[in-house]
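Asks: Here it is, the structure, as structure tokens.
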Amino acid sequence: MKEIKVSATATLFNDVSELSSEDQMLMNKAVEARKKAYAPYSKFSVGAALLLENGEIVLGSNQENAAYPSGMCAERVAIWKAGSEFPGEKIKKLVITASSTISKVDKPVGPCGACRQTLSEFEINQKEPFEVIFMGEVGEVVKTASLLSLLPFSFDSSYL
Ligand code: THU
-16 MKEIKVSATA TLFNDVSELS SEDQMLMNKA VEARKKAYAP YSKFSVGAAL LLENGEIVLG
44 SNQENAAYPS GMCAERVAIW KAGSEFPGEK IKKLVITASS TISKVDKPVG PCGACRQTLS
104 EFEINQKEPF EVIFMGEVGE VVKTASLLSL LPFSFDSSYL
């Protein structure tokens, strides 16, 4: 028996102005996407922007439904849009922002577990990590170099 250490490394920025100009541009796109969220039930809007290797920027926002589990997160809307419109195109960056009409979201909002699982398959298939950058509406921004770093001991096709 031995203990192993599982850790993730991230960079924490005080606010969006500390990001590179490309990352700020992508965050602005994610904000644009966030404004198109359909979130009448949770009042929590999420926007995601994916930068692909071919330069395309694919946007997604959460889309809710009266039958709650039938709704979908912004990240999966964006990744499936990218997968269906640009199959096989590598993802370079995923940028996420969230806001709420109930209270100011001032903490970074990372992708949920189901989104991490879905996103991980894209990173595995492209054999290259993509950056994940996320924030709330204001305040600190987190940047990680790889999606899989956010999902230790993940499940993948090698188990099947
Ligand atoms: N949501 C996302 O869009 N992405 C996440 O990673 C977390 C949660 C959405 C789903 C739902 O519409 C709302 O936020 C509240 O959970």
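Just so we're aligned, residue -16 is where the sequence shown starts under the working numbering, counting upward by one.
Yeah, the Cβ is synthetic: ideal placement off N, Cα and C, and Gly gets one too.
Just so it is clear, the structure is predicted and the values come from calculations on it, not from any experiment.
1) Enumerated in chain order, which unbroken segments of the beta strand (DSSP E) with a length of 3 residues or greater are wholly contained in the segment 27 to 100?
2) Roughly how far, in whole angstroms, is the beta-carbon of residue 124 from the beta-carbon of residue 91, given that I think they are within contact range, below 8 Å?
3) Give me the residue from 62, 74 and 50 with the minimum Cα distance to residue 128.
4) My understanding is that residue 102 touches residue 130, with C-beta atoms under 8 Å, so please give their C-beta distance in whole angstroms.
5) Helix, strand or coil for residue 123? Go by DSSP, reduced to three states.
6) Assuming contact is defined by CB atoms lying nearer than 9 Å, are residue 79 and residue 122 in contact in what I supplied?
7) Taking the alpha carbon of residue 32 as the reference point, which residue from 24, 18 and -8 has its own alpha carbon closest?
8) Excluding sequence positions up to five away, which residues of its chain have a Cβ less than 7 Å from the Cβ of residue 98?
9) Within the same chain, show all residues whose beta-carbon is closer than 8 Å to that of residue 9, passing over the 5 residues directly before and after it, in chain order.
10) By Cβ distance, which residues of its chain are closer than 7 Å to residue 48, with the 5 residues on each side in sequence left out?
11) Figure out for me which residue from -4, 133, 96 and 119 has the closest Cα to the Cα of residue 162.
12) Based on DSSP bridge pairs, tell me the residues matched to residue -6.
13) Name the two residues that bound the continuous alpha helix (DSSP H) containing residue 8.
14) Can you give me the C-alpha to C-alpha distance between residue 61 and residue -15, rounded to a whole angstrom?
15) Take residue 24 and list the residues in its own chain whose beta-carbon comes closer than 6 Å to its own, dropping the five residues that flank it on each side.
16) The beta strand (DSSP E) spanning residue -16 covers which residue range?
17) Starting from residue 116, follow its DSSP beta bridges and name the residues at the other end.
Replies: Put simply:
1) Within the segment 27 to 100, the complete beta strand (DSSP E) runs of at least 3 residues are 27 to 35, 40 to 44 and 74 to 83.
2) 6 Å
3) Comparing alpha carbon positions, the residue from 62, 74 and 50 closest to residue 128 is 74.
4) 5 Å
5) DSSP places residue 123 in coil when its eight states are reduced to three.
6) no
7) 18
8) 56, 58 and 59
9) Counting only Cβ-Cβ distances below 8 Å, and skipping sequence neighbours, we find 32, 34, 40, 76, 78 and 116.
10) 54
11) Residue 162 lies beyond the residue range present for the chain, which begins at -16 and ends at 143; the question has no answer from this structure.
12) For residue -6, the beta-bridge partners assigned by DSSP are 126.
13) 4 to 17
14) Answer to the nearest angstrom: the Cα atoms are 40 Å apart.
15) 47
16) From DSSP, residue -16 is part of no beta strand (DSSP E); its letter is neither H nor E.
17) Partner(s): 78 and 126.
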